[in-house]
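Engineer: Protein chains in written order, with this note's numbering: chain C, 1 to 396; chain G, 1001 to 1125. Think of the CB as a built atom: it goes at the ideal place given N, C-alpha and C, for glycine as much as any other residue.
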Amino acid sequence: MAVVPESARHTAVRRGRDGEPLVREGEVSQETGTAKRTALYEAHVAAGAKIVDFAGWAMPIQYSGIVREHLRVRTTVGLFDVSHMGEFMVTGEGALDSLERLTTNRVSDLDVGRVQYSALCYEDGGFVDDLLVYRLDDGYMLVVNAANKEKDLEWVLGHAGERTEVRDASDETALIAVQGPRAQPVLSRVCDGDLEAIGYYHSANEVVAGKRALVSRTGYTGEDGFEVYCDLDRARPIWDALMEAGADDEIEPVGLGCRDTLRLEMGYALYGNDIDETRTPVEAGLLWITRLKKGSFIGRDAIRAAKENGPRERLIGFELEGRGVARHGHAILGGGDVVGAVTSGTFSPSLDRAIGLGYVSVDWTGDIAVDVRGRTIEARRVGVPFYKEGTVRRGG
Amino acid sequence: MGDRDLRFTKTHEWVSVESDVATIGITDYAQGELGDIVFVELPAEGSSFSAGDVLTTVESVKSVSEIFSPISGEAIEINAELDANPGLLNSDAHGAGWIVRLKMFDASEIDGLMSPEEYEEHTKG
């Protein structure tokens, strides 16, 4: 048996600015010798996790199995260690102005305690990263993808305006995501405050397992849930307390493998797959986090032009109608020609079929198919989310 | 001697020989590495394989893997159960999850494969 590399044959390879094939962010390798470890590494080993190198971190890809973990999150509750993500504290009188210039969404919409999904873009409208922007008591926190942390930090530091302090708090911050329909009752057992008072995309300072933590009702799964930010030395006690508190709800630790199947069922973009420096929010369907009227921000003119001219390709959702799984890089065919490429694909555990996202030429509105390693499999365009029973709250 | 003879490959296939028929599957170790299997591309009955040829591809949630034929032979029987129930490869890799039966072209090819003890060492290493 040999695992077939995803871009083996018959693929349309995405190329970056310099013409080089884009390496997918977060390429996974088995070798974890020099990888960084989160504060929860020992817990994962003790739980029998399969650990792989993800963006330079030794992370659990699965414990008992991707499908089982995925269904656990959809049914009751699962626990993710996402401490590898980056957190930047942005403070000072100039912080709001700096962030308005750096991000696409309208930062001034944020009262203290609100969170927004946003993006950092280059001057040409391409994505630097997608991220969350938190307004906290004393400033802002940016939460960025692990694979982009160094790049994002350099970008933010390089483009922040006057009277703005940017501090990289990533290596001091652990992050635990509690996700699933039972997330709130379970977290409530170890949290002093009233979680019902934390609306969707809001955050609050809470006491969790006896120590202060920042808790937000956010997540990447399509289920209700929370993300808990804490100091490194609190991570293990909080993790253990949650495992115990969730026992009656059959809580399980769940890994990066099911994190990907869960988010893809919701149609959420993953940087490196569905969005990257060669894509703009227009093509990616992310104009909703782009406030072109808020004033000048990096990339605005290019994004506005792309919106007015219309993009050449658009990100769509699709399901395969035949046997097989579409993967990143597979060509999308229409009328016998290549009309696009798959950016994310998997077998959906909740829907029991192959689903995916990909860019397709706006000129082709007909039926599509995917070239899966030489086999042409018919596909059906579908709107996202693919999975529609998620308990994620809306409208906070 | 014509009795059941179990052999393994470095690439995690098992072969069970009875007379001149070899039953082939992937090992329990392999299915664990692959994760939840969702599709198995079964070979056609009657097709011939040389040792090292790709017998089938196995698609799991996260990846796709090629399964190599340990020996040469002609496919005389395929496990159609795997069509509707690919999970058999995970739950019973050494039993109900068998993939194909080949009528061997050259029984001596078996000698070049690993014994159960050698395979056990191989997966530990």
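What residues from chain C crowd round G/Asp1036, counting only those whose CB sits closer than 7 Å?
Structural biologist: Position 36 of the second sequence, counted from the start, is the residue given in the question as residue 1036 of chain G. What G/Asp1036 touches in chain C: Gly65, Ile66, Val67.
Engineer: Over what stretch of residues does the beta strand (DSSP E) that includes C/Asn205 continue unbroken?
Structural biologist: As a first step, residue 205 of chain C must be located in the first sequence, where it is residue number 205. Counted as a single uninterrupted DSSP element, the beta strand (DSSP E) harbouring C/Asn205 occupies residues 203-208.
Engineer: Under a Cβ-count criterion, where at least 16 other Cβ atoms within 10 Å of its own Cβ denotes burial, should C/Glu196 be classed as buried or exposed?
Structural biologist: Along the first sequence, read from residue 1 onward, the residue named residue 196 of chain C stands at position 196. Classification for C/Glu196: exposed.
Engineer: List, in chain order, every chain G residue whose beta-carbon is nearer than 8 Å to that of C/Ala58.
Structural biologist: Your numbering for residue 58 of chain C matches position 58 in the first sequence. Those within 8 Å of C/Ala58 in chain G number zero; the least Cβ separation is about 18 Å.
Engineer: Counting only the same chain and skipping the five closest in sequence on each side, list residues whose C-beta sits under 7 Å from that of C/Ala245.
Structural biologist: For the purposes of this step, residue 245 of chain C is taken as residue 245 along the first sequence, with counting starting at 1. If we look at C/Ala245 and ignore the five residues flanking it on each side, its Cβ neighbours are Val186, Arg189, Val190.
Engineer: Per DSSP, which residues does C/Pro253 bridge with? Please list them.
Structural biologist: As a position in the first sequence, residue 253 of chain C is number 253, starting the count at 1. Partner(s): C/Leu79.
Engineer: Evaluate G/Glu1070 with the Cβ neighbour count: other Cβ atoms within 10 Å of its Cβ, from every protein chain shown; 16 or more gives buried, anything less gives exposed.
Structural biologist: Taking the second sequence and counting its residues from 1, one reaches residue 1070 of chain G at position 70. Note that residue 1070 of chain G is Pro in the sequence shown here, rather than Glu. With 16 or more Cβ atoms within 10 Å of its Cβ, G/Pro1070 is classed as buried.
Engineer: Inspect the beta-carbon positions of C/Gly180 and C/Val77 and report whether they are closer than 7 Å.
Structural biologist: Indexing the first sequence from 1 puts residue 180 of chain C at position 180. Indexing the first sequence from 1 puts residue 77 of chain C at position 77. Contact: yes.
Engineer: Below 7 Å CB to CB, which residues in the same chain sit around G/Asp1020 once its five sequence neighbours on both sides are set aside?
Structural biologist: Position 20 of the second sequence, counted from the first residue, corresponds to residue 1020 of chain G. Once the five neighbours on either side are set aside, the close Cβ partners of G/Asp1020 are Lys1103, Met1104, Ala1107.
Engineer: Please classify C/Val45 as buried or exposed, where buried requires at least 16 neighbouring CB atoms within 10 angstroms.
Structural biologist: On the first sequence, position 45 is the one that residue 45 of chain C refers to. Label assigned to C/Val45: exposed.
Engineer: In the DSSP assignment, find the unbroken alpha helix (DSSP H) run with C/Ala235 in it and report its ends.
Structural biologist: One-based indexing of the first sequence puts residue 235 of chain C at position 235. Taken as a continuous stretch (DSSP letters only), the alpha helix (DSSP H) holding C/Ala235 covers 232-245.
Engineer: For C/Asp301, which three-state DSSP category applies?
Structural biologist: The count along the first sequence starts at 1 and reaches residue 301 of chain C at position 301. Assignment of C/Asp301 by DSSP, reduced to helix, strand and coil, places it in the helix class.
Engineer: Along chain C, in chain order, which residues have C-beta atoms closer than 7 Å to that of G/Ser1063?
Structural biologist: Against the second sequence, residue 1063 of chain G aligns to sequence position 63. Val3, listed in chain order.
Engineer: Would you kindly work out how many angstroms separate the C-alpha atoms of G/Asn1166 and G/Ser1115, rounded to a whole number?
Structural biologist: Because chain G is modelled from 1001 through 1125, residue 1166 of chain G falls outside the range shown and cannot be assessed.
Engineer: Mind pulling the beta strand (DSSP E) runs of 3 or more residues that sit fully within the region 294-346 of chain C?
Structural biologist: 313-320, 331-334
Engineer: Should the region 205-212 of chain C be called in touch with the region 248-257 of chain C, which here means at least 3 C-beta pairs below 8 Å?
Structural biologist: Touching, no, given that fewer than three Cβ pairs across the two stretches are closer than 8 Å.
Engineer: Any idea if G/Glu1109 is buried or exposed, counting beta-carbon neighbours within 10 angstroms, 16 or more meaning buried?
Structural biologist: The residue you call residue 1109 of chain G lines up with position 109 of the second sequence. By the 10 Å Cβ count, G/Glu1109 comes out buried.
Engineer: For a cutoff of 7 Å on Cβ pairs, would you count G/Thr1123 as touching chain C?
Structural biologist: As a first step, residue 1123 of chain G must be located in the second sequence, where it is residue number 123. Not an interface residue.
Engineer: When you check each C-beta in the region 1009-1028 of chain G against every C-beta of chain C, which residues fall closer than 8 Å?
Structural biologist: Close to chain C, meaning a Cβ-Cβ distance shorter than 8 Å, are the following residues of the region 1009-1028 of chain G: Thr1011, His1012, Glu1013, Ile1026.
Engineer: Roughly how many whole angstroms lie between the Cα atoms of G/Val1058 and C/Pro349?
Structural biologist: By 1-based counting over the second sequence, the position of residue 1058 of chain G is 58. By 1-based counting over the first sequence, the position of residue 349 of chain C is 349. Taking the Cα positions, G/Val1058 is about 17 Å away from C/Pro349.
Engineer: For the candidate residues C/Lys211, C/Leu264, C/Val178, whose alpha-carbon lies nearest to that of C/Phe226?
Structural biologist: By one-based count along the first sequence, residue 226 of chain C stands at place 226. The residue with the shortest Cα to Cα distance from C/Phe226 is C/Val178.
Engineer: Whole angstroms are fine: how far does the CA of C/Gly329 sit from the CA of C/Val23?
Structural biologist: What you label residue 23 of chain C is simply residue 23 of the first sequence in a count that begins at 1. What you label residue 329 of chain C is simply residue 329 of the first sequence in a count that begins at 1. For C/Val23, the pLDDT reaches just 41, beneath the cut-off of 50, and the residue's location in the model is therefore unreliable, although a value from the coordinates is still provided. Taking the straight line from one Cα to the other gives about 11 Å.
Engineer: Within 7 Å (strictly less), CB to CB, does C/Phe347 reach chain G?
Structural biologist: Sequence index remark: in the first sequence, residue 347 of chain C carries index 347 (1-based). Yes, C/Phe347 counts as interfacial toward chain G.
Engineer: Just the chain C side, please: which residues come within less than 8 Å of G/Ile1071 by C-beta, in chain order?
Structural biologist: Translated into the one-based positions of the second sequence, residue 1071 of chain G becomes position 71. Chain C residues near G/Ile1071: none, gap ~16 Å exceeds 8 Å.
Engineer: Short of 8 Å in beta carbon distance, which residues of its chain neighbour C/Leu292, apart from the five on each side in sequence? Order them along the chain.
Structural biologist: One-based indexing of the first sequence puts residue 292 of chain C at position 292. Answer for C/Leu292: Arg300, Ile303, Arg304, Lys307, listed in chain order.
Engineer: Exposed or buried, C/Ile51, counting other C-beta atoms within 10 Å across all chains shown (16 or more means buried)?
Structural biologist: Here residue 51 of chain C corresponds to residue number 51 of the first sequence, with the count starting at 1. C/Ile51 comes out buried.
Engineer: Does G/Phe1049 come within less than 7 Å of chain C when only Cβ atoms are used?
Structural biologist: In the second sequence, residue 1049 of chain G corresponds to position 49, counting from 1. Interface annotation, G/Phe1049: not in contact with chain C, CB-CB separation never under 7 Å.
Engineer: Nearest chain G C-beta to C/Val115 closer than 7 Å, yes or no?
Structural biologist: For the purposes of this step, residue 115 of chain C is identified with residue 115 of the first sequence, where counting begins at 1. So no, C/Val115 is outside the interface.
Engineer: Hey, is the region 228-247 of chain C in contact with the region 60-67 of chain C, meaning 3+ C-beta pairs nearer than 8 Å?
Structural biologist: no
Engineer: Use the C-beta contact count for C/Trp288: other C-beta atoms within 10 angstroms, 16 or more gives buried, fewer gives exposed.
Structural biologist: Taking the first residue of the first sequence as 1, we reach residue 288 of chain C at position 288. Classification of C/Trp288: exposed, given that the 10 Å Cβ count is below 16.
Engineer: Find the residues of chain G that neighbour C/Gln62, judging by a C-beta separation of less than 9 Å, and give them in chain order.
Structural biologist: To locate residue 62 of chain C, count along the first sequence from 1; it is residue 62. Neighbours of C/Gln62 on chain G, chain order: Gly1035, Lys1062.
Engineer: Assuming the contact rule is C-beta atoms closer than 8 Å, C/Gly322 and C/Gly340 should be a hit. Round their C-beta distance to whole Å, please.
Structural biologist: Position 322 of the first sequence, counted from the start, is the residue given in the question as residue 322 of chain C. Position 340 of the first sequence, counted from the start, is the residue given in the question as residue 340 of chain C. Contact doesn't hold; Cβ gap of about 18 Å is too wide.
Engineer: What are the complete alpha helix (DSSP H) segments, minimum 4 residues, inside the region 101-186 of chain C?
Structural biologist: The region 101-186 of chain C contains, as complete alpha helix (DSSP H) runs of 4+ residues, the segments 149-159 (chain order).
Engineer: Under 7 Å between C-beta atoms, does C/Gly267 make it to chain G?
Structural biologist: Taking the first residue of the first sequence as position 1, residue 267 of chain C is located at position 267. Cβ-Cβ to chain G under 7 Å: no for C/Gly267.
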